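S.K.:
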Amino acid sequence: MFYQTITSRRQFIGRTGSAALALLAGMRSDLRAAEVSEEFLFIGAEGFDSHGGWDLDQQSMDQTGSPYLLAHGLGVPVADAVTKVTFPSAGTYRVWVRTRDWVAPWSAPGTPGKFQLLIDGKPLEETFGTKGADWHWHDGGAVTVSEKATIALHDLTGFEGRCEAILFCKDTGFTPANDVASLTKFRRKLLHLPDQPDDGGSYDLVVVGAGLAGVCAAISAARNGLKVALVQDRPVLGGNASSEVRVWPEGHTNQQPFPHIGDIVNEILVPRPKTSGTLNGTGAENFDDALKLQVVKNEPNITVLTNHRSIATERSDDSIRAVIVQSTLTGRRQRLRGKFFADCTGDAVVGYQAGADHEFSVGNNMGSTNLWRPLDVAKEEEVLKCECKDKDALAAAFKEGGTAQPFPRCPWAIDLTDKPFPGRKNSKGQWGSADPLANLGGWFWESGFDKNPIDDIERIRDLNLRAMYGAWDALKNVDKLYPNHRLGWAAFIAGKRESRRLLGDVILTADDFRKGTKFEDPAFPCSWHIDIHVAHESFSKEVKGEEFISKATEGTGFSYKGPYWAPYRTLYSRNVTNLFMAGRDISVSKDGLGPVRVMRTTGMMGEVVGKAAAICVKRNTSPRGVYQNHLDELKSLMSKPGGERVA
Ligand SMILES: Cc1cc2nc3c(=O)[nH]c(=O)nc-3n(C[C@H](O)[C@H](O)[C@H](O)COP(=O)(O)OP(=O)(O)OC[C@H]3O[C@@H](n4cnc5c(N)ncnc54)[C@H](O)[C@@H]3O)c2cc1C
Numbered sequence: 008m009f010y011q012t013i014t015s016r017r018q019f020i021g022r023t024g025s026a027a028l029a030l031l032a033g034m035r036s037d038l039r040a041a042e043v044s045e046e047f048l049f050i051g052a053e054g055f056d057s058h059g060g061w062d063l064d065q066q067s068m069d070q071t072g073s074p075y076l077l078a079h080g081l082g083v084p085v086a087d088a089v090t091k092v093t094f095p096s097a098g099t100y101r102v103w104v105r106t107r108d109w110v111a112p113w114s115a116p117g118t119p120g121k122f123q124l125l126i127d128g129k130p131l132e133e134t135f136g137t138k139g140a141d142w143h144w145h146d147g148g149a150v151t152v153s154e155k156a157t158i159a160l161h162d163l164t165g166f167e168g169r170c171e172a173i174l175f176c177k178d179t180g181f182t183p184a185n186d187v188a189s190l191t192k193f194r195r196k197l198l199h200l201p202d203q204p205d206d207g208g209s210y211d212l213v214v215v216g217a218g219l220a221g222v223c224a225a226i227s228a229a230r231n232g233l234k235v236a237l238v239q240d241r242p243v244l245g246g247n248a249s250s251e252v253r254v255w256p257e258g259h260t261n262q263q264p265f266p267h268i269g270d271i272v273n274e275i276l277v278p279r280p281k282t283s284g285t286l287n288g289t290g291a292e293n294f295d296d297a298l299k300l301q302v303v304k305n306e307p308n309i310t311v312l313t314n315h316r317s318i319a320t321e322r323s324d325d326s327i328r329a330v331i332v333q334s335t336l337t338g339r340r341q342r343l344r345g346k347f348f349a350d351c352t353g354d355a356v357v358g359y360q361a362g363a364d365h366e367f368s369v370g371n372n373m374g375s376t377n378l379w380r381p382l383d384v385a386k387e388e389e390v391l392k393c394e395c396k397d398k399d400a401l402a403a404a405f406k407e408g409g410t411a412q413p414f415p416r417c418p419w420a421i422d423l424t425d426k427p428f429p430g431r432k433n434s435k436g437q438w439g440s441a442d443p444l445a446n447l448g449g450w451f452w453e454s455g456f457d458k459n460p461i462d463d464i465e466r467i468r469d470l471n472l473r474a475m476y477g478a479w480d481a482l483k484n485v486d487k488l489y490p491n492h493r494l495g496w497a498a499f500i501a502g503k504r505e506s507r508r509l510l511g512d513v514i515l516t517a518d519d520f521r522k523g524t525k526f527e528d529p530a531f532p533c534s535w536h537i538d539i540h541v542a543h544e545s546f547s548k549e550v551k552g553e554e555f556i557s558k559a560t561e562g563t564g565f566s567y568k569g570p571y572w573a574p575y576r577t578l579y580s581r582n583v584t585n586l587f588m589a590g591r592d593i594s595v596s597k598d599g600l601g602p603v604r605v606m607r608t609t610g611m612m613g614e615v616v617g618k619a620a621a622i623c624v625k626r627n628t629s630p631r632g633v634y635q636n637h638l639d640e641l642k643s644l645m646s647k648p649g650g651e652r653v654a
């Protein structure tokens, strides 16, 4: 296995005296290049030598142009992000910090995301994260520096401050551009990144997105003899089933008549721990990231590119030639050429960019969740380990500790002072637990029903965080409960349920499940009910437009006789001839998404895609050609153990 090493983060700091950069930034078109003599130092926040306690967030990269650092401290300031820099020369510079006031979109009182910029340990007078609803360059004023300095992002609150870049300009009259296209050009020049992507190699199958669907597709294809690239925009594999999101994978595997479909899913997941309670949001060990990576690493045919996001697709005629991926740590871009592609991004990023037929509705979606859990401070070892964003948050056993854990009022959060929510008094929500604490932060803490789950994801995630902080504030400071508990863990990566769905030769509907429609190309068994979420009316009345609790469909009309074998024709695009898909972006109707989207099921889709891709390469055919001419061969491969490798 080839593991792409990341060139030094320090590469992401650029300095230049180039004359034309101000023009590139789009703000000084009145000047001729020869008249401009700015000198700049540009620091992409992701390029800091140490991120300290800040988290790298790439979720909104398509909107912001670059990942940013997030002070996700659950109310406790995180450790400084620190980097050493060399200025073009000593002297006076004007400083700009690209940031925003994350609660300003709601005109909420207060500025929770405050942070400082320290130069050699000394803060600038300006406090950042305090202005503007949108990403912008916050003017930090003039500062005089020596040639070498240490720069730090110093979080003041632990309440989700964010910084995307820092710019030092010798010309104090210079104003950097805000629009993403100009800014991207400006950034690339200053960071000395090449205009064209580097060659990232040629593959039989390029899998983009490494949730369970993508991981299983890559392993299955590699074991069937293909040269595979696996691209994932996070440092870990698993998507919603990773330790970053912590959704427990459901769905029955290894069903007749293809009892080996599911072998790889079970190989990369830990067995279900013995507990009667929910496993969503439980300790990181239940979502063993290292296990998934190890199984992938054991495959010599897979090149893994973690921390890489696919940002563009190159197409000729009706097929994809390459995807362009960008490192979330260095900004370096690579072109990955492929015979076949598998879109396992959840959001159908590759298919959308390639013009694949798809469905997407905004304003009527299942929402996104950031699972969260309180922490019992009596467990001293866990508290010491956790630095307030516990890697092993507890879900089941809550004991009162002996140390007071004050929590500040959060006037900028959703005001839940006098409103119901699951976990408060007698409110349970749907299928809630008798233990009120166990009703906090579960799957039903969901928002974004009326938003665009792709373009608005930062805002949707932020609304989830405002709901969490508002609820904890109400419990601690209004109801005066849980004096010795504190917030223990919360996902900052949003777990999504629904966005784009790519269309294949069959579009599977919920009625197919209800009627038991039989197809000649059964590919993966479904067993989850027809599970569709909407905002829960009991908790919606007083938070219109900010609904944050959902309920799921249940009972008559939402069940079917399982396992139900869904057809292979849902796993490839009907108009992009070399594109497979696996995961929640396959060819199903809106209600057909309900039963297929659980992750052992999406993993099995990946297993079948890997086998079908092998037939495509061997028989020089398309995904559709496999259905038309090689279905028996696919069924024969599906009957083989997932661990088996072709010679
Ligand atoms: C709170 C919650 C509770 C749920 N409950 C359950 C449950 O109990 N059991 C269950 O099985 N399912 C559950 N689901 C559903 C399930 O988690 C989703 O349907 C799941 O995301 C589907 O897997 P996937 O592989 O399609 O996508 P994901 O798991 O989202 O994986 C896709 C991966 O691709 C990456 N990616 C996206 N774009 C790019 C790009 N351009 N370049 C590179 N990488 C990219 C993403 O970062 C992500 O890691 C729940 C979902 C949520 C949110």
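Everything in the sequence shown is counted per my numbering, starting at 8 for the first residue and increasing by one. A virtual CB, placed ideally from N, CA and C, is assigned to each residue, including glycine. Predicted, not measured: the structure shown is a model, and the values here were computed from it.
(1) Under the three-state reduction of DSSP, which class applies to ILE271: helix, strand or coil?
(2) DSSP three-state call for PRO381: helix, strand or coil?
(3) Just to confirm the assignment: which complete alpha helix (DSSP H) runs, minimum length 4, are found wholly within the stretch 270-352?
(4) Just confirm the distance between the C-beta atoms of HIS536 and GLN437, as a whole number of angstroms; I'd bet it's less than 8 Å.
(5) Along the alpha helix (DSSP H) that carries GLN263, what are the first and last residues, could you check?
(6) What would DSSP say about GLY649, mapped onto helix, strand or coil?
(7) Measuring only the C-alpha atoms, how far is ASP399 from TYR489?
(8) Would you report the Cα separation of ALA498 and LYS304, rounded to the nearest angstrom?
(9) Which of helix, strand or coil does DSSP assign to ILE622?
(10) Which value, in whole angstroms, describes the spacing of the CA atoms of GLN341 and SER73?
(11) Three-state secondary structure (DSSP) at LEU233?
(12) Let me know the secondary structure DSSP gives ASP62 once reduced to three states.
(13) Per DSSP, what kind of secondary structure is THR376 in: helix, strand or coil?
(14) Taking the alpha-carbon of PRO443 as reference, which of ALA149, PHE451 and ARG431 has the nearest alpha-carbon?
(15) Do three or more CB pairs link the stretch 350-358 to the stretch 218-234 at distances below 8 Å?
(16) Regarding ASN247 and ligand 1, is the C-beta to nearest heavy atom distance less than 7 Å?
(17) In or out: LYS196 buried (at least 16 other Cβ within 10 Å) or exposed?
(18) Beta-carbon separation of TRP452 and THR376 under 8 Å?
(19) Roughly how many angstroms lie between the CA atoms of ALA355 and VAL215, to the nearest whole one?
(20) Would ASP364 and ASN582 qualify as a contact pair, given that the criterion is a beta-carbon distance under 8 Å?
(21) Exposed or buried, which one is LEU644 when buried takes at least 16 other CB atoms within 10 Å?
(22) Helix, strand or coil: how does DSSP classify PHE451 here?
(23) Tell me whether the beta-carbon of VAL272 lies closer than 8 Å to the beta-carbon of LEU233.
(24) What would DSSP say about LEU641, mapped onto helix, strand or coil?
(25) Leaving out five residues on either side along the sequence, give the residues of the same chain with a beta carbon under 6 Å from the beta carbon of ILE331.
(26) Look at the alpha carbon of LEU509 and the alpha carbon of TYR579, and state the distance between them as a whole number of angstroms.
(27) From which residue to which residue does the alpha helix (DSSP H) around PHE47 run?
(28) When you compare the stretch 279-294 with the stretch 177-196, are there three or more beta-carbon pairs, one atom per stretch, that lie closer than 8 Å?
(29) Quick one, which of ARG507, ALA481 and GLY207 has its alpha-carbon nearest CYS417's?
(30) Start and end of the alpha helix (DSSP H) containing ALA517?
(31) Going by beta-carbon coordinates alone, are ARG312 and ILE275 separated by less than 8 Å?
(32) In the structure shown, what three-state DSSP assignment does SER114 receive?
(33) Secondary structure at CYS223, three-state DSSP: helix, strand or coil?
(34) Smallest Cα separation from VAL605: which of CYS533, HIS143 and ARG344?
(35) Of all Cβ atoms in chain C, is any one closer than 8 Å to the Cβ of HIS161?
M.R.: Once the coordinates are examined:
(1) helix
(2) strand
(3) 270-275 and 296-304
(4) Actually they are not in contact, since the Cβ atoms of HIS536 and GLN437 sit about 13 Å apart, beyond 8 Å.
(5) Element bounds for GLN263: n/a, residue is neither H nor E.
(6) coil
(7) For ASP399, the predicted model reports a pLDDT of 42, less than 50, meaning its position is unreliable; a value from the coordinates is still stated below. Approximately 19 Å, taken between the alpha carbons.
(8) 26 Å
(9) helix
(10) 16 Å
(11) coil
(12) strand
(13) strand
(14) ARG431
(15) yes
(16) yes
(17) buried
(18) yes
(19) 10 Å
(20) yes
(21) buried
(22) coil
(23) no
(24) helix
(25) PRO204, ILE318, ALA319, ARG340 and ARG342
(26) 8 Å
(27) No alpha helix (DSSP H) contains PHE47, which is instead part of the beta strand (DSSP E) from 47-51.
(28) no
(29) ALA481
(30) 517-522
(31) This sequence places Leu at residue 312; Arg is not what is there. Taking 8 Å as the Cβ cut-off, LEU312 and ILE275 do not qualify as a contacting pair.
(32) coil
(33) helix
(34) CYS533
(35) Here chain C cannot be found, since the structure has a single protein chain.
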